[in-house]
Each structure stands twice: as structure tokens, then as C-alpha cells.
Ligand SMILES: [Zn+2]
């Protein structure tokens, strides 16, 4: 580790100290999150994604324009094995696909509710898409680079 990495390593230690194991092998950040659900922490005076901090501290490499993607779809997860570098365009494409799928599910739930309000499939339908995010993580069509071994 060089001197420039020390603040990242210290920040990662803080992040991991404020995270707890979750479903699916996730490691869930308990600190502050933005409206989109991503965790943030101050590093050298700059607000930085907690997932990015952990990815970099564990030896992950980011090329110019690359972002750290959650393979698990859980935005406040900081499990190193759930993080991968992706191009910004790939990250945006997946986000759009996820958003479109959520909208479709919501429309289908609304239609089902109108014809069968007590249908069992509606029993756990809610606005909370965490489970959808876990399910989306199972698909393997998304092209992501695995993180470098730390
Ligand atoms: Zn995860």
C-alpha cells in the first residue's frame, strides 16, 4: 500500500466496523445513505461511496470511467465479493433494465389487484424491492469484471 491509499484503508476500516452480515452473503452498511440507497462516507473531505471505499481498499482497480457495481443489487452492501468494476455505460444500462422491470411488476400487480384483490401473489407485494434486487443478482447476463484478489 502506498501513502495515498492510507485514507482509503482507514475509511474502509470504519465502513466495515459499521456493517453487519445480511441475507445472501451481503455485508450491510448501517451508516448514512443517500436517497437512492447508497452509503456514503467522507474521505479526505469528499463524500465517497462506501462500496467504492471497500472495493479500492481491498485492491480493486478502477479504470477511467469505471464505476463500482453491486453484483447483488443491494446498494448499501459492502461485501467485497459482491462488488465489481464496470463501465459507466454498463452500469447505466443495468440500472435502466432494473427500473423497467420494477415498473412492469408494479403495473402487473396493479392489474392483478383490480381483478383479484385477495390473490395470494399480492400478499407480500409492496413497494420494497429489496427481494427483487436479490433475485436480479442471480441473472448472469450482466457483464462485470470480478474484483482483483486482495
Ligand atoms: Zn451484497
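In the working numbering, the protein residues as written are 76 to 225.
For each residue, glycine too, the CB sits at the ideal point set by N, CA and C.
This structure is a prediction, so every number in the text was calculated from the model and none was measured.
What is the rounded straight-line gap between the Cα of residue i and the Cα of residue j?
i           : j           : result
residue 139 : residue 121 : 19 Å
residue 194 : residue 178 : 20 Å
residue 167 : residue 196 : 30 Å
residue 191 : residue 171 : 30 Å
residue 169 : residue 189 : 30 Å
residue 159 : residue 184 : 32 Å
residue 99  : residue 180 : 22 Å
Taking a contact to mean a Cβ-Cβ separation below 8 Å, would you say residue i touches residue j in this structure?
i           : j           : result
residue 93  : residue 112 : no
residue 101 : residue 157 : yes
residue 141 : residue 175 : no
Identify whether residue i lies in helix, strand or coil by the three-state DSSP scheme.
i           : result
residue 98  : helix
residue 228 : The question about residue 228 has no answer, for the chain in this structure spans 76 to 225.
residue 118 : strand
Once the 5 residues before and after residue i are set aside, which same chain residues still bring their CB inside 7 Å of it?
i           : result
residue 109 : 115
residue 90  : 104, 116, 125, 128, 129 and 153
residue 198 : none
residue 187 : 194, 196 and 197
Please go through the same chain and pick out, in chain order, the residues whose beta-carbon is closer than 8 Å to the beta-carbon of residue i, but skip the five residues on each side of it.
i           : result
residue 103 : 94, 95, 96, 97, 149, 151, 152 and 153
residue 83  : 118, 128, 131 and 132
Nearest to residue i by CA position, among the options, is which residue?
i           : options          : result
residue 119 : 144, 80 and 129  : 80
residue 117 : 146, 99 and 85   : 85
residue 161 : 186, 199 and 143 : 143
residue 123 : 99, 87 and 146   : 87
residue 165 : 182, 146 and 183 : 146
Verify the CB distance criterion: does residue i have a CB-CB separation below 8 Å to chain D?
i          : result
residue 95 : Checking the listed chains, one finds no chain D in this structure; it contains a single protein chain.
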